[in-house]
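Protein chains: 2
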Amino acid sequence: MDPACAMAKGEMVRKPATLKDVAALANVSRATAARALNSYGYVGNETAQKVQAAAEKLGYRGNRLAQALRSGQLPIVGCILGDIQNPFFARIAHDIEVLARECGHNLVIGSSEEELGQEISLLASLQSLSIRGFIVAPTSADNNAHLKGLIAENVPLVLIDRVAEGIDCDSVVVDNEGGARKAVEYLIGMGHRRIGLLQDDMRIFTSRERMSGYRAALAAGGIAPDDRMVSVSQSTVEHAVDATIRLFSQKSPPTALFTVDSLMTQGALLAFRSMGISIPHDVSLIGFDDFNLATFTDPQITVVSQPVAEIGRAAARLLFDRLSGKCGKPQKLRFETKMIVRGSVSRRRDA
Amino acid sequence: MDPACAMAKGEMVRKPATLKDVAALANVSRATAARALNSYGYVGNETAQKVQAAAEKLGYRGNRLAQALRSGQLPIVGCILGDIQNPFFARIAHDIEVLARECGHNLVIGSSEEELGQEISLLASLQSLSIRGFIVAPTSADNNAHLKGLIAENVPLVLIDRVAEGIDCDSVVVDNEGGARKAVEYLIGMGHRRIGLLQDDMRIFTSRERMSGYRAALAAGGIAPDDRMVSVSQSTVEHAVDATIRLFSQKSPPTALFTVDSLMTQGALLAFRSMGISIPHDVSLIGFDDFNLATFTDPQITVVSQPVAEIGRAAARLLFDRLSGKCGKPQKLRFETKMIVRGSVSRRRDA
DNA sequence: AGACTGTGTGAGATCGATCTCACACATATT
DNA sequence: AATATGTGTGAGATCGATCTCACACAGTCT
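Top to bottom, those sequences are chains A and B. The UniProt record's numbering puts the first residue of the first sequence at 1, with every later residue one more than the last. The UniProt record's numbering puts the first residue of the second sequence at 1, with every later residue one more than the last.
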């Protein structure tokens with residue numbers, strides 16, 4: 001087919017020049033050409049220049065595939081995140097890409113869409129590319145044989161946003177439990193006792209930790225946990241809308257809501273509007289993860305913010321440290337969160 | 001270094017099994033093993049099973065690098081966009097990734113950050129990986145020797161969101177000029193005559209087209225273009241804030257503003273708030289490209305929406321059609337835009 | 001019996017870059 | 001003069017998978 005195409009158009013498919021071509025043009029052997037271009041070993045001055053000129057003329061760029069086959073590694077790092085459409089991950093992906101480029105690497109991005117199966121197959125597919133290392137936000141906190149396999153083969157791995165049980169490697173996370181606890185304690189301090197939680201799938205590490213912060217704060221406040229106050233949803237605006245509506249259609253709905261990520265916070269906002277629930281008058285709202293939108297609404301949304309700008313860079317730096325041969329114990333970074341009080345929480349008197 | 005690490009920990013670095021290993025375990029030659037695993041040519045029944053078993057046992061996964069070196073192509077497609085953090089591109093990247101995966105390919109993402117130099121070096125670096133094809137949103141409408149080079153080497157290329165002069169290849173864009181014209185005509189119809197334009201760098205194709213739609217509408221409305229009504233900014237929220245402030249700090253500022261993308265629209269919103277300008281009372285606003293936020297504000301923002309969900313998929317489909325050998329003239333898809341009237345534009349009486 | 005066809009297998013070349021080794025020639029050292 | 005050292009170069013092996021070719025043996029046909 002393809003050749004047929006080319007023939008039909010009468011086109012010459014110009015193949016990229018190889019080292020052999022360069023060597024031939026410069027009248028030297030491949031070995032000498034390689035020496036001249038990579039400047040190692042002994043090469044005569046004139047010879048080197050001849051080779052350079054020939055390479056220039058042919059527009060020679062080394063075939064990284066062939067280089068990689070010998071060296072065993074492609075200058076690519078892989079990155080598997082939950083969903084690039086989540087601004088949190090988009091930011092991280094962007095930062096990783098920038099740092100990778102600085103280190104002369106390209107970035108392959110895969111989206112697990114929070115499906116373990118997808119994460120596994122993506123990883124396998126990238127591994128067969130002899131990719132040098134990975135940054136992964138694992139879908140599941142405990143189902144992680146595939147990650148263990150990576151470690152066993154000594155492939156550098158950095159976990160990001162989430163860690164996985166029994167996986168001993170570099171990681172970058174935030175203090176999810178502490179952040180969630182601060183948020184819920186704040187709500188309790190404002191007089192709320194029926195505090196809703198809009199959370200993600202419990203397989204996900206952050207979801208677990210944030211849930212446990214929520215529970216801890218309730219316990220500290222002397223409030224009994226109540227399953228009717230908890231709604232689970234996938235992390236998309238649409239699903240969060242539904243989950244919020246379910247939560248607030250009960251006979252005695254929460255007076256405050258804590259949402260575990262920014263897409264859910266947005267979903268809750270939309271749901272509240274469609275239900276005619278006003279913030280902070282009828283319901284108080286506080287979300288984990290800050291987002292652009294948070295300051296556009298009226299009132300602005302109070303959030304627990306994460307140092308997004310640092311997470312991706314930190315993970316990338318850890319990865320490239322390993323790639324450049326750094327040994328030593330896995331580093332486990334944990335960033336602090338910060339509560340940003342805006343206007344979406346009000347004091348409750350009647351409770 | 002690396003071996004030192006391994007030795008220090010006393011670890012065996014288990015190398016992935018090769019075909020040779022499999023062949024040895026199965027007591028056959030590499031050729032036979034290859035035949036058994038890829039099912040071509042003649043292979044005896046027992047032999048095939050022996051090989052399968054051996055492969056299974058060793059956890060053999062072919063080295064795609066080696067395969068690619070022979071075949072000349074890696075099952076990877078590249079994608080160079082302006083900025084993954086722009087939700088428009090994030091959505092596109094996501095859709096391309098999904099389709100690529102369906103087609104058994106991985107996706108390398110690069111961000112040009114709207115720098116021509118970065119686009120060029122990224123492309124070169126990906127090309128040396130023998131990547132099979134590219135989807136690019138070119139930074140510049142006319143500076144495109146690097147894209148010509150791609151075409152000359154017969155590397156499949158699909159332009160997305162933007163086309164480039166003199167580049168004859170598949171492309172997917174929207175009707176920027178028409179969309180912009182509709183928006184501005186709508187403003188004119190609502191009685192506005194001092195209509196501001198907050199636009200991106202003129203190197204960028206969409207910026208040119210939207211600008212020309214803006215001009216066309218003004219002309220049709222009998223309004224003389226006025227440079228003081230136009231402000232240029234990079235496509236980030238922060239830059240757009242500044243540009244908006246400049247535009248509206250004049251003695252006789254616009255009564256309406258048309259912004260050429262969603263990040264700029266958000267920037268304008270922030271700027272208006274900080275300046276105490278109320279929408280739509282003081283100023284009317286209409287933006288190109290819909291965004292989540294648009295329905296969260298009060299009033300909601302009127303926009304010209306693009307069929308984002310289709311653009312990425314369409315581009316990916318074009319690319320994979322080419323990769324599977326489809327010949328024929330380049331297809332140039334152009335999607336229609338749709339104006340979504342919400343509440344950010346008001347009728348102006350005193351004009 | 002001799003010439004075929006069909007089936008199954010292995011040896012070796014290939015893709016492109018790199019690296020080890022051997023060799024050649026110069027100059028310097030004893 | 002004989003040996004060492006330094007400089008420059010090419011032949012060939014290597015990475016791993018694939019593919020062409022040659023060969024071997026079965027069975028079939030004249």
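Heads up, the beta-carbon is just placed ideally off N, CA and C, and yes, glycines get one too.
Enclosing alpha helix (DSSP H) for residue i [first to last residue]
{"i": "Asp-21(A)", "result": "19-26"}
{"i": "Ser-262(A)", "result": "262-275"}
{"i": "Asp-242(B)", "result": "237-248"}
{"i": "Arg-70(B)", "result": "64-71"}
{"i": "Leu-58(A)", "result": "45-58"}
{"i": "Val-163(B)", "result": "Note, Val-163(B): premise wrong, no alpha helix (DSSP H); not H, not E."}
{"i": "Val-345(A)", "result": "No alpha helix (DSSP H) contains Val-345(A), which DSSP labels as neither H nor E."}
{"i": "Ala-180(B)", "result": "176-189"}
Simplified DSSP state of residue i, which is helix, strand or coil
{"i": "Phe-320(A)", "result": "helix"}
{"i": "Ile-311(A)", "result": "helix"}
{"i": "Ala-33(B)", "result": "helix"}
{"i": "Lys-338(A)", "result": "strand"}
{"i": "Lys-9(B)", "result": "For Lys-9(B), the pLDDT reaches just 45, beneath the cut-off of 50, and the residue's location in the model is therefore unreliable, leaving the point undetermined."}
{"i": "Gly-110(A)", "result": "strand"}
{"i": "Ile-92(A)", "result": "helix"}
{"i": "Gln-127(B)", "result": "helix"}
{"i": "Ala-4(B)", "result": "Residue placement at Ala-4(B) cannot be trusted, given a pLDDT of 47 that sits under 50; what the coordinates show is reported in the next sentence. Here Ala-4(B) sits in helix by DSSP."}
{"i": "Gly-133(A)", "result": "strand"}
{"i": "Phe-205(A)", "result": "helix"}
{"i": "Gln-331(A)", "result": "coil"}
{"i": "Ala-224(B)", "result": "coil"}
{"i": "Val-155(A)", "result": "coil"}
{"i": "Thr-255(B)", "result": "coil"}
{"i": "Val-98(B)", "result": "helix"}
{"i": "Ser-212(A)", "result": "helix"}
{"i": "Asp-170(A)", "result": "strand"}
{"i": "Lys-120(B)", "result": "The sequence given here places Ile at residue 120(B); Lys does not occur at that position. Helix."}
{"i": "Thr-297(B)", "result": "coil"}
{"i": "Asn-86(A)", "result": "coil"}
{"i": "Ala-141(B)", "result": "coil"}
Spatial neighbours of residue i in its chain, beta-carbon cut-off 6 angstroms, leaving aside the 5 residues before and after
{"i": "Thr-259(A)", "result": "Leu-198, Thr-265, Ala-268 and Gly-287"}
{"i": "Ile-160(A)", "result": "Ile-135, Ala-137, Val-172 and Ala-315"}
{"i": "Ala-271(B)", "result": "Val-241, Thr-244 and Ile-245"}
{"i": "Arg-349(A)", "result": "none"}
{"i": "Arg-203(B)", "result": "Ser-140"}
N- and C-terminal bounds of the beta strand (DSSP E) containing residue i
{"i": "Thr-302(A)", "result": "302-305"}
{"i": "Ser-284(A)", "result": "284-288"}
{"i": "Ile-80(B)", "result": "74-81"}
{"i": "Ala-152(B)", "result": "It is not in any beta strand (DSSP E) - Ala-152(B) instead sits in the alpha helix (DSSP H) that spans 145-152."}
{"i": "Leu-197(A)", "result": "195-199"}
{"i": "Ser-231(A)", "result": "230-232"}
Cβ shell of residue i (< 7 angstroms), same chain only, five flanking positions each side left out
{"i": "Ala-100(B)", "result": "Val-77, Asn-106, Leu-107 and Ala-316"}
{"i": "Gly-214(A)", "result": "A quick correction: the sequence has Tyr, not Gly, at residue 214(A). Excluding residues within five positions, the ones whose Cβ falls inside 7 angstroms are Ala-180, Val-184, Leu-197 and Phe-258."}
{"i": "Pro-225(A)", "result": "Arg-215 and Leu-218"}
{"i": "Asn-176(B)", "result": "Thr-206, Glu-209, Arg-210 and Gly-213"}
Contacting residues, own chain, Cβ-Cβ under 8 angstroms from residue i (five flanking each side not counted)
{"i": "Asp-87(B)", "result": "First, the residue type needs correcting, since residue 87(B) is Pro and not Asp in the sequence shown. Contacts found: Ser-262, Phe-291 and Asn-292."}
Near-chain A residues of the region 62-91 of chain B - C-beta to any C-beta below 8 angstroms: Gly-62, Asn-63, Arg-64, Leu-65, Ala-66, Ala-68, Leu-69, Leu-74, Ile-76, Asp-83, Ile-84, Gln-85, Pro-87, Ala-90 and Arg-91
Between the region 286-298 of chain A and chain B, which residues of the former have a C-beta closer than 7 angstroms to a C-beta of the latter? Asn-292, Leu-293, Phe-296, Thr-297 and Asp-298
Name, going along the chain, the residues of the region 248-272 of chain B whose beta-carbon falls closer than 8 angstroms to a beta-carbon of chain A. Gln-266, Leu-269 and Leu-270
Taking contact to mean at least 3 C-beta pairs separated by less than 8 angstroms, is the region 299-315 of chain A in contact with the region 323-341 of chain A? yes
Sufficient close CB pairs (3 or more, under 8 angstroms) joining the region 44-57 of chain B to the region 77-85 of chain B: no
Tell me whether the region 237-245 of chain B and the region 204-215 of chain B touch, counting them as touching only if at least three CB pairs, one residue from each stretch, are closer than 8 angstroms. no
Stretch-stretch touch, CB-based, cutoff 8 angstroms, three pairs: the region 153-167 of chain A with the region 186-194 of chain A: no
Under 8 angstroms: do the region 138-153 of chain B and the region 275-287 of chain B share three or more Cβ pairs, one atom per stretch? no
At a Cβ cut of 8 angstroms, what residues of the region 128-144 of chain B count as close to chain A, listed as they run along the chain? Ser-128, Leu-129 and Ser-130
If contact means a Cβ-Cβ distance below 7 angstroms, which residues of the region 315-327 of chain B contact chain A? For the region 315-327 of chain B, which is checked against every Cβ of chain A, the residues closer than 7 angstroms are Gly-325 and Cys-327.
Interfacial residues, the region 89-109 of chain B to chain A, with Cβ spacing under 7 angstroms: Ala-90, Arg-91, Ala-93, His-94, Glu-97, Asn-106, Leu-107, Val-108 and Ile-109
Below 8 angstroms, can you find three or more Cβ-Cβ pairs linking the region 338-348 of chain A to the region 295-309 of chain A? With a cut-off of 8 angstroms on Cβ pairs, the region 338-348 of chain A is in contact with the region 295-309 of chain A, counting three or more such pairs.
Chain A contacts made by the region 158-172 of chain B, where a contact means CB separation under 8 angstroms: none
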